[in-house]
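Below is one structure, written out as structure tokens; the observations come after it.
Numbering (this note's numbering), first residue to last: -19 to 57.
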């Protein structure tokens, strides 16, 4: 399971899914997280290879959401 902050974009899922597609990673399922930081939400995705997904998403300029981030969120829903 990997958590990623949604980018400030018109189509935030496109950036995430495109990065994972280029790395030939499968997304088995995804769920929105009850997380908010600086006005942005996040999604948790169950993928084939968490390590490769994490590196791929970071290389694409996306922020990985950790368990610590979930505990320290600054905006409540």
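Glycine included, C-beta positions come from ideal geometry on N, C-alpha and C.
Measuring only the C-alpha atoms, how far is residue i from residue j?
{"i": "residue 11", "j": "residue 0", "result": "16 angstroms"}
{"i": "residue 29", "j": "residue 5", "result": "7 angstroms"}
{"i": "residue -6", "j": "residue -12", "result": "12 angstroms"}
{"i": "residue 80", "j": "residue 39", "result": "Not covered by the structure: residue 80. The range shown for the chain is -19 to 57."}
{"i": "residue 47", "j": "residue 15", "result": "11 angstroms"}
{"i": "residue 51", "j": "residue 13", "result": "12 angstroms"}
{"i": "residue 45", "j": "residue -8", "result": "15 angstroms"}
{"i": "residue -14", "j": "residue 7", "result": "16 angstroms"}
Could you check if residue i is buried or exposed, using at least 16 other CB atoms within 10 Å of its CB as the buried criterion?
{"i": "residue -2", "result": "exposed"}
{"i": "residue -19", "result": "exposed"}
What do you reckon, are the CB atoms on residue i and residue j nearer than 8 angstroms?
{"i": "residue 61", "j": "residue 36", "result": "The shown model of the chain, from -19 to 57, leaves out residue 61, and the question about it has no answer."}
{"i": "residue 49", "j": "residue 17", "result": "yes"}
Figure out for me which residue from the options has the closest Cα to the Cα of residue i.
{"i": "residue 27", "options": "9, 21, 41", "result": "9"}
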